[in-house]
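*Asks:*
In mature numbering (1 follows the signal peptide of the UniProt record, and there is no 0), the protein residues as written are -22 to -1, 1 to 144.
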C-alpha cells in the first residue's frame, strides 16, 4: 500500500510541475511555414512563415540538419539597390504577427547538403529568447514548395505548421 501511495504522490507532483512549466512558457503561433525548392547545384534557399508570439520574444537563430549554415536575413532597398544581409536576431512583439517572406525578413538555409524539392519536409528549429532571458526551441517541419513559389498563399497551400516547444 505504501508503494502505491508513493507512486501516486510522485505522479501528482510530476503533473503539477509539468502544468506550471507549460504555463510559464511562451506560446508561438507559426502559420503558413514553407521552404522554397531548389535545383540540383543550388546551395541555398529560404524558409518563410508568419510568427505571432503571445509575449515579447526575440528570434535569435535557427538550425536545420539539411544546411551547414542557417541565418536570419533581411532584404531591404538601400539607395535603390535591393540588398540581403544577415541580422543578429528578430524582435517578435507580443500579439503582433511578424511575416518572414520573400523580399523581406526570412530564414536563409546555406551550404545545403542536398537539393530540396516540392513535397519534401524540412526540419527547422527556431531558438527564441524571452525578455526574462529564458531560451526555448520551437521544432518545425516545413513543406517544400516549388522553386517558382514567390509568396505565401500562391501555389499549393500546405497545412499550417505548428510549433512544438522544448
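All C-beta atoms, glycine included, are put in the ideal place defined by N, C-alpha and C.
Would you give the residue range spanned by the beta strand (DSSP E) that residue 28 belongs to?
*Replies:* Your numbering for residue 28 matches position 50 in the chain shown. Residues 22 to 31.
*Asks:* Under a three-way DSSP split, which group does residue 48 fall into?
*Replies:* As a position in the chain shown, residue 48 is number 70, starting the count at 1. Strand, per DSSP.
*Asks:* Comparing the CB of residue 64 with every heavy atom of the ligand GTP, is any distance shorter than 7 Å?
*Replies:* As for the ligand GTP, it is missing from this structure, which has no ligand bound.
*Asks:* Shortest alpha-carbon distance to residue 73 belongs to which of 99, 112, 31, 84?
*Replies:* As a first step, residue 73 must be located in the chain shown, where it is residue number 95. Among 99, 112, 31, 84, the Cα nearest to that of residue 73 is on 31.
*Asks:* Taking contact to mean 3 or more Cβ pairs, one atom from each stretch, closer than 8 Å, check whether the region 56 to 70 and the region 115 to 122 are in contact.
*Replies:* Judged by Cβ distances under 8 Å, the region 56 to 70 makes no contact with the region 115 to 122, as fewer than three pairs qualify.
*Asks:* Quick one, are the C-beta atoms of residue 77 and residue 28 less than 8 Å apart?
*Replies:* Reading the chain shown from its first residue, position 99 is the one you call residue 77. Reading the chain shown from its first residue, position 50 is the one you call residue 28. Cβ distance < 8 Å, so residue 77 and residue 28 count as in contact.
*Asks:* Just list the residues that DSSP pairs residue 7 with in beta bridges.
*Replies:* In the chain shown, residue 7 corresponds to position 29, counting from 1. DSSP lists 30 as partners of residue 7.
*Asks:* Using the C-alpha atoms, what's the distance from residue 33 back to residue 47?
*Replies:* Here the question's residue 47 lines up with position 69 in the chain shown. Here the question's residue 33 lines up with position 55 in the chain shown. For residue 47 and residue 33, the distance between alpha carbons rounds to 28 Å.
*Asks:* Could you tell me the alpha carbon to alpha carbon distance between residue 18 and residue 98, rounded to whole angstroms?
*Replies:* Looking up residue 18 in the chain shown gives position 40. Looking up residue 98 in the chain shown gives position 120. Distance between the alpha carbons of residue 18 and residue 98: 15 Å.
*Asks:* Quick check on the burial criterion: 16 or more other C-beta atoms within 10 angstroms. Buried or exposed for residue 65?
*Replies:* Reading the chain shown from its first residue, position 87 is the one you call residue 65. The residue is exposed, with fewer than 16 neighbouring Cβ atoms inside 10 Å.
*Asks:* For residue 40, does the count of other Cβ atoms within 10 angstroms reach 16, so buried, or fall short, so exposed?
*Replies:* The residue labelled residue 40 in the question sits at position 62 within the chain shown. Residue 40 is buried by the Cβ-count criterion.
*Asks:* Keeping to the same chain, check which residues put their C-beta closer than 7 Å to that of residue 84; ignore five residues upstream and five downstream.
*Replies:* Here residue 84 corresponds to residue number 106 of the chain shown, with the count starting at 1. The answer, listed in chain order, is 24, 25, 26, 51, 78.
*Asks:* Buried or exposed, going by whether 16 or more other CB atoms sit within 10 Å of the CB of residue 102?
*Replies:* The residue given as residue 102 occupies position 124 in the chain shown. Flag for residue 102 reads buried.
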